[in-house]
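Before any comments, here is the structure.
Residue numbers (our numbering): 337 to 1269.
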C-alpha cells in the first residue's frame, strides 16, 4: 500500500512538473518587483509599490488596525501627512500613452503629465488633480499640501508657415501653485510660480513668481504666504531669478538666493536675501561687495544654503566670477582641440567629463547672521575645496580636505591622498590635522572628534578636536578591522562604521563579523559589544540606520541588527542594545534575503520584503520580526513555469583551496538525465544564494532563471585571486569547480558553456585560451589585450585605466614596464591560436568602462585565425546595455547561441551568414536554418 502511494505521489509530481512551461522571452514585461515602501509616522498605515518591468505598476495602501486596503493604479512617491489622515502621491501616465507619444516623437512639453492623488485615509476617497509637476507636505504638522501645476499642453493646431519667420521665444514663465488645507478644503492659488518651499510646520510658503507679459495683474518677485493669517507679503518686488528657499529650524527665518540683473546677462550677480517675521520685506544679507569676500569672487547661484541648528549662522557657497563668453569670436575661424599636458592635475577626458560640475562648483563660506559687524568667512578655496559642517553647524570648526598636489597620481592609484584641516568658522584660520592620508575621515555627529581610517596600516584613529591629540584606536589588536579577504593589490578597505553613541561617547566599528565599541578619547578599553558571537558562529552583524534624522544610535531600546551566516548564506535579524556587551538575541534566521527595514517614526512598526530563489519577494509588516503579516502576493504566474532551485556546492581546487559556488537546477530536475551546463562568474557570487532572480532581459549578464527553466544547469563559482595572475586564478577556481560537478552523472561534460560580462567577460576570453573543455563561450565587454588596455580611458569617468591594473580589479600589481611579462601572460590576445571554443563577443561602441576596441582586437584576431566567433556591437550603447530593446535582443541571441552548441539546436541566420550592413535595421537574423555556422 505504501509502495503504491509513493508511486502515485511520484507520478503526480512528475505530471505536475511536466505540465509546467519553460520560461520564454514573452514573460519579462509583466514580471513584478517591489518598489519603495512607506510608513506613516504613527505606524498605522503602510504603502508600497508593485512595479512591472514594462507597463503600469500599482500602489497599495494598508491599515494595520482595520485591515483597510486601497489599490491605486500607477501611484508613486507617497507622502503621509503628520496626522496620518491623508496620503498624497503622483499617478504616472498610462504606459501605452507614453509609448504612443514616443512613437509620434512628441516633445517633452507635449507629453501627458503626472496626476496628483490625495487619499482621505478616513473615507478612502481619492481626489485627483491632473497636470501636476511637484508637491510638498509639511514634515512636522498640519494636514495641508502644496502642489505646482505643469504648463497645460497646447492642443491647438498651428498653421505651417509658408516663409521662415524669426519668432523670439517668450521668457520662461512659472506655473500655478496651489496651497490647500485638506481638512477644510480651502485653497489659495498663486500664478506664474517658478520656485517654492514650504516650512516644516506648514504655516509659511515662500515662492518666486516670474510674472507674465500677458497678465499684468500678477507681479514678478518673491512672496511669503502665511497660512494661519491668510496673508501674503511681498519680499522682493523685482523681476529676477530666485531660488534655494530655506527656512530655519524654528520656521521663523527665511533665506534665499536671487539676482535682478538683465535676463540675458551671461554672468549673474547673485545676492543672499533674508527675511523674518518682523521684517516686511527681504533684506540683502550677503552680496558681492560684502566684507570678507575674496577679490573677483561672488555668491554662487549653485551653492547650498544651510542654517546652523541654532539659527545663528548661515553657510553658503561663493565662487570666482566667471568671464563672459566672447561673442565676437567667429567659430569657424578658430581651431578646436584639447591639449594634454603632463603637469595637468587631471587628464583632459576627466576635465571634459567634469566641466559642467566644475563650472557650478562653489566654495563653503559662513556668516554670523546676528553679528553687529558681520563679514564673510571663506572656509574653503580652490586649493582647499571640500568641507563638512560639524555638529549641524553649531561647532566652531568645519572639517576641510584637499587632494591638491596629489591629483596626478589618480592615474595609477585610483584615489589620491588627502590633507585634512580644521577651519575656524569665526576667523577662517586653518589647522592641518592630517597629511597625505590614503583613507577616509569623518566627523563625529557631536563635533568633538574626527575619525580617520588609514589604509596603509589598516588602522582607525580618533582626533580629539579640543586637545589636538591623535588616538590610535585599533593599533595592536589581534582582530582586523579591514578586509581580511582582500585580494587586490591595493591596501584593504575598512569594514566600516556602525555609528556613534549619544554625545559622541563611543564610536562603533565593524570587524569582519562583530561590532566593537571604542572610546574616542582612548580612555576605555575597546569592547566587543556583540560578545564575539559573530566570529564564533561565522555570522556577520551590521547595523542599519532606520531614520535619516538619526544622529546617534538610539539608547533606550534594543535594536534589530542584520545578520548574515557566512557558512549557510542565510539571512536574518538579532536583537541587541548597542550600549552593552551582552550576547545578541536571535530573532529570526532563515533561507531568505531580507530588504532593509522601514520603520515608522513614532512606533515600532516595520515594513520589509523577503524572498529567495524559489519564492518571489513579498512585502511583510511586523512589530517584532517574530510574527509577520504578508501584505503582497507577487508573481503568482511563476507557479505555471518550470522554475528552479539554488544550492551551495563546495570543492577543493588543485592547489588545495576551499571553494564554493551556487548550482542552479531546473525544478523538474531528473538525476537520471544528462543536462548541459553554463558556468557564469563575476568575482564572488555565493553570498547571493538566496537572492531572487526574476526572469528579465539583462544588461548582458546571464539570464539565469531563463536558462534554468529551459533545461540548463547554471553554475556560479566564487573566485579568489593571486596578485599578478588573475587569469591563472580563474582557471584554478572555475575549471576545478566545473570538473568537480562533471563527476555527477547528470552533468553532460561535453556540453558545458561559459558566460561572463566585463571582468567576467575577460575571464571567459582567457579560459578558452587555456582549455578546450568548453563547448561554447560568451564574453561581454572583455579585455583581450592588457598591454593596450592599460593605457586606455574609462570614458564614463575620464580616468585612465592604469589604476585598475596596478591597484584594483585587474590585479597585476605592477606597471606595464615593471612586469610586462604579466601583462602578456594574462592577455588572451597572445594565445588566440590555442582557441578551439566558439566565442560570441559583445563590445559596444559607447562603452565607458572597457574600450570597445578590446572586443575588436579579440574578434579580428579570431577571424584572422579562422576561429568561429561573432561580435555584437549595440550602437551607442554602454558597457552594460541600457536600452530595453537591446537587452531583449541579446537574450534571444544568447539563447540561440548556447542552444546550438549545447543542445544541438539549429543555428540562426545571424550566426550562419551574418547580417550585411545594407540590411541593418530591417533584418535581425533570428530565423533558424539547417546550415552550420
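We put the CB at the ideal spot given by N, CA and C, even for glycine. These numbers come from a predicted model, not from an experiment.
Using 8 Å as the cut-off, can you tell me whether the stretch 997–1015 makes contact with the stretch 1073–1087, which would need three or more C-beta pairs spanning the two stretches below that distance? yes
Neighbourhood of residue 523 by C-beta, 8 Å cutoff - its chain only, sequence neighbours within 5 removed: By 1-based counting over the chain shown, the position of residue 523 is 187. Cβ neighbours of residue 523 beyond the five flanking positions: 514, 515, 516, 517.
Look at residue 771 and residue 755 and say whether their C-beta atoms are less than 9 Å apart. Numbered from 1 along the chain shown, position 435 holds the residue referred to as residue 771. Numbered from 1 along the chain shown, position 419 holds the residue referred to as residue 755. Yes; because the gap between Cβ atoms is below 9 Å, this pair is in contact.
Grab the span of the beta strand (DSSP E) containing residue 398 for me, first residue to last. Taking the chain shown and counting its residues from 1, one reaches residue 398 at position 62. Taken as a continuous stretch (DSSP letters only), the beta strand (DSSP E) holding residue 398 covers 394–399.
Count the CB pairs spanning the stretch 839–853 and the stretch 772–788 that are closer than 8 Å, and state whether there are at least three. yes
Distance check for residue 438 and residue 432, CA to CA, integer angstroms please. As a first step, residue 432 must be located in the chain shown, where it is residue number 96. As a first step, residue 438 must be located in the chain shown, where it is residue number 102. Cα to Cα, the separation comes out at about 10 Å.
Would you check if there are 3 or more beta carbon pairs closer than 8 Å linking the stretch 1100–1112 to the stretch 1156–1167? yes
Helix, strand or coil for residue 612, going by three-state DSSP, please let me know. On the chain shown, residue 612 is found 276 positions in, with the first residue counted as 1. Three-state result, residue 612: strand.
For residue 332, which of 673, 635, 935 has the nearest alpha-carbon? As displayed, the chain neither begins before 337 nor continues past 1269, which places residue 332 out of reach and without an answer.
If you draw a straight line from the C-alpha of residue 1228 to the C-alpha of residue 1045, how long is it? The count along the chain shown starts at 1 and reaches residue 1228 at position 892. The count along the chain shown starts at 1 and reaches residue 1045 at position 709. Their backbone Cα atoms lie some 15 Å apart in a straight line.
Sort 977, 1244, 571 by Cα distance to residue 1047 and report the nearest one. Position 711 of the chain shown, counting from 1, holds the residue named residue 1047. The candidate whose alpha carbon is nearest that of residue 1047 is 977.
CA-to-CA distance, residue 699 to residue 761, given in whole angstroms: The residue given as residue 761 occupies position 425 in the chain shown. The residue given as residue 699 occupies position 363 in the chain shown. Cα-Cα distance, rounded: 14 Å.
Would DSSP call residue 543 helix, strand or coil? Taking the first residue of the chain shown as position 1, residue 543 is located at position 207. Three-state result, residue 543: strand.
Close-in-space but distant-in-sequence residues of the same chain around residue 427 (CB under 6 Å, 5 per side omitted): As a first step, residue 427 must be located in the chain shown, where it is residue number 91. 410, 411, 451, 453, listed in sequence order.
Find out if the Cβ-Cβ distance for the pair residue 1193, residue 1136 is shorter than 9 Å. For the purposes of this step, residue 1193 is taken as the residue at position 857 of the chain shown. For the purposes of this step, residue 1136 is taken as the residue at position 800 of the chain shown. The answer is no: Cβ separation not under 9 Å.
Backbone CA spacing between residue 777 and residue 835 [nearest angstrom]: What you label residue 777 is simply residue 441 of the chain shown in a count that begins at 1. What you label residue 835 is simply residue 499 of the chain shown in a count that begins at 1. When rounded, the distance between both Cα atoms is 14 Å.
Which partner residues of residue 1287 appear in the DSSP bridge assignment? Because residue 1287 is not part of the residues shown, which for the chain are 337 to 1269, the question remains open.
Counted within 10 angstroms of its Cβ, other Cβ atoms place residue 847 as buried (16 or more) or exposed: Position 511 of the chain shown, counting from 1, holds the residue named residue 847. Buried: at least 16 other Cβ atoms inside 10 Å.
Taking a contact to mean a Cβ-Cβ separation below 9 Å, would you say residue 577 touches residue 549 in this structure? For the purposes of this step, residue 577 is taken as residue 241 along the chain shown, with counting starting at 1. For the purposes of this step, residue 549 is taken as residue 213 along the chain shown, with counting starting at 1. No, the pair does not count as a contact, with Cβ atoms beyond the cut-off.
Could you give the DSSP three-state label for residue 1234: helix, strand or coil? The sequence position of residue 1234 within the chain shown is 898, counting from 1. Three-state DSSP puts residue 1234 in a helix.
Can you tell me which of 708, 633, 475, 563 puts its alpha carbon nearest to the alpha carbon of residue 536? By 1-based counting over the chain shown, the position of residue 536 is 200. When each option's Cα is compared against that of residue 536, the closest is 475.
Span of the alpha helix (DSSP H), counted from its first residue to its last, around residue 1075: To locate residue 1075, count along the chain shown from 1; it is residue 739. Here the alpha helix (DSSP H) through residue 1075 covers 1072–1078.
Can you check the stretch 413–482 for any beta strand (DSSP E) of at least 3 residues that lies completely inside it and give the ranges in chain order? 422–427, 451–456, 462–465, 468–472
Any idea what DSSP makes of residue 744, helix, strand or coil? On the chain shown, position 408 is the one that residue 744 refers to. Coil at residue 744, not helix or strand.
Quick check on residue 818: does DSSP put it in helix, strand or coil? Here residue 818 refers to the residue found at position 482 when the chain shown is read from its first residue. Strand, per DSSP.
Along the chain, where does the beta strand (DSSP E) that runs through residue 1247 open and close? Here residue 1247 refers to the residue found at position 911 of the chain shown. Where residue 1247 is concerned, there is no enclosing beta strand (DSSP E), although the alpha helix (DSSP H) it sits in stretches over 1245–1248.
Restricting to runs no shorter than 3 residues, where is the beta strand (DSSP E) found entirely within the stretch 1081–1151? 1083–1093, 1112–1116
Does the stretch 1031–1045 touch the stretch 1224–1241, meaning 3 or more C-beta pairs lie closer than 8 Å? yes
Under a Cβ-count criterion, where at least 16 other Cβ atoms within 10 Å of its own Cβ denotes burial, should residue 1235 be classed as buried or exposed? To locate residue 1235, count along the chain shown from 1; it is residue 899. By the 10 Å Cβ count, residue 1235 comes out buried.
Residue 1215 classed as buried or exposed, judged by whether at least 16 other C-beta atoms fall within 10 angstroms: Your numbering for residue 1215 matches position 879 in the chain shown. Its Cβ being crowded by 16 or more others within 10 Å, residue 1215 is buried.
Roughly how many angstroms lie between the CA atoms of residue 1268 and residue 1248, to the nearest whole one? By one-based count along the chain shown, residue 1268 stands at place 932. By one-based count along the chain shown, residue 1248 stands at place 912. About 6 Å.
Residue 1196 by DSSP, collapsed to three states: which one? Taking the chain shown and counting its residues from 1, the one referred to as residue 1196 is at position 860. If DSSP states are grouped into helix, strand and coil, residue 1196 belongs with the helices.
Could you tell me which residues DSSP pairs with residue 995 in its beta bridges? As a working note, residue 995 is residue 659 in the chain shown. 987.
Where does residue 678 fall in DSSP's three states? As a working note, residue 678 is residue 342 in the chain shown. In this structure, residue 678 counts as coil in the three-state DSSP scheme.
Please state the DSSP three-state secondary structure of residue 750. Reading the chain shown from its first residue, position 414 is the one you call residue 750. Three-state DSSP puts residue 750 in coil, outside helix and strand.
Own chain residues within Cβ distance below 8 Å of residue 1169, not counting five before or after: Taking the first residue of the chain shown as 1, we reach residue 1169 at position 833. Only 1201 meet the Cβ criterion.
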